[in-house]
Structure formats: C-alpha cells, structure tokens
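Peer 1: First the structure, which I've put down as structure tokens, then a few questions once you've had a look.
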Amino acid sequence: VGSYVPADSLELSVFDGVYTRMGASDNIMMGRSTFLEEMSDAAHLMRSATPASLVILDELGRGTATHDGVAVAAAVLHQLLVVTRCPALFVTHYPEVAAEAARWPGEAAACHMAYVREEEGEGAEGAGCAGAGVQAAEEGGAGGGAAGVGGARPRRPARITFLYKLRSGAADESFGLNVAQVRAGLGG
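The following block contains the structure:
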C-alpha cells in the first residue's frame, strides 16, 4: 500500500483487494455531495469486497445528519461482519457503532488510541500559565471541557497528547477539537 507502519515488523496475508474510504470529499461541480460520494464509494466497496479482501473505512456516515450517519455506518459494519466476513479496520466516532463490537466477540473489537490528558486548574487563564495546577492522567476518564454556566468563564479544553498505542475499548469521549487544534497548528 505504501504507507508507513510504526512497527518493528508486519506480516500480512495476500489480499485479493484493498478497499478504502478515508476523508471527506465532494464533487460539487458534477452535482455530487460529500454524502453521495461517500455512499457511492461504500456501495462499490461492498459490491467488490470478498472474504479475502482488506477493507479500511474512516468515519463513514459523516456526510449526513447524525442519526442517518449512525444508520449508514452500522449497516455497512454489519454487512462487512456478517455477509462479506472480511478483515476490516472500521474507524468511527459514533459510540452506538463502536458498541456493536460487543455483539461480535472474536470477530470485532472496539479499540482507541491511548492518550494523556492534562487538565488545567480552575483559575488558569491563557496557555502555559505557571502554577496552573496541571494534572495528567493516562487514558483519560470522565470530564472534558464543559462550557461555563451562569456567567462563569468557560474552561479551556484539556490538552490531549496521543501516545500512538492501541488500547482495548472505545474512547470515552470525542477529541475532535483537540485534533483540530493539532492539525491547524494552534498548539495548546
């Protein structure tokens, strides 16, 4: 495939095809929305994949409303697990879809990327404030950046450092804002 693999070694079986759907894109000049492109790619993938294929899907269903996205992602995952029965990496931000792994022990597993969360103290203002009382906890937990209520100042989102280690279980929350900060080079 030509991708970097952060490992000392990797063994793969021979596949009759590798099918991927990653990223959001449209073809609006041809009248094709992100959702239409996503569904066309998913339909082609499901028609073409066999038990000897590798399927990699990233955030399927994000090109539409949440309830529709959950339905699309769950239906495609079900098709891959029950009908096609091929090896697949299925990345989702929908907790309902991640929970499906429990219904298929030995066939599917929910995993997440390990991380360290650094919570800033209540009185901290601005980035890198000395004496802000930073707490670090590997693999997160409950909480997150809640908005202020009754005139209280909103808390800054926790600083998240991804460790690039795969852990069992679905993530306990979404880190979309943290990822956006990293991708935009905004620091923390």
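Each residue of the sequence shown is one higher than the one before, counting from 1 in UniProt numbering. For each residue, glycine too, the CB sits at the ideal point set by N, CA and C.
(1) Would you mind working out which of L80, S33, S48 sits nearest T64, comparing C-alpha positions?
(2) E37 and S53 look like a contact to me (Cβ under 8 angstroms); what is the Cβ gap, rounded to whole Å?
(3) Going by Cα to Cα distance, which pick from R103, A171, T20, L177 is closest to Y115?
(4) Comparing C-alpha positions only, which one of E118, H112, N178, A184 sits nearest to K165?
(5) On the three-state DSSP scale, how would you describe G23?
(6) CB G23 to CB A49, shorter than 8 angstroms?
(7) From A184 to E173, what does the alpha carbon distance come to, in whole angstroms?
(8) Do the CB positions of V97 and L77 come within less than 8 angstroms of each other?
(9) DSSP on E118, reduced to helix/strand/coil?
Peer 2: By the coordinates alone:
(1) S33
(2) Going by Cβ atoms, the distance from E37 to S53 rounds to 21 angstroms, so no, they are not a contact pair.
(3) A171
(4) H112
(5) If DSSP states are grouped into helix, strand and coil, G23 belongs with coil.
(6) no
(7) 21 angstroms
(8) Yes. Within cutoff.
(9) strand
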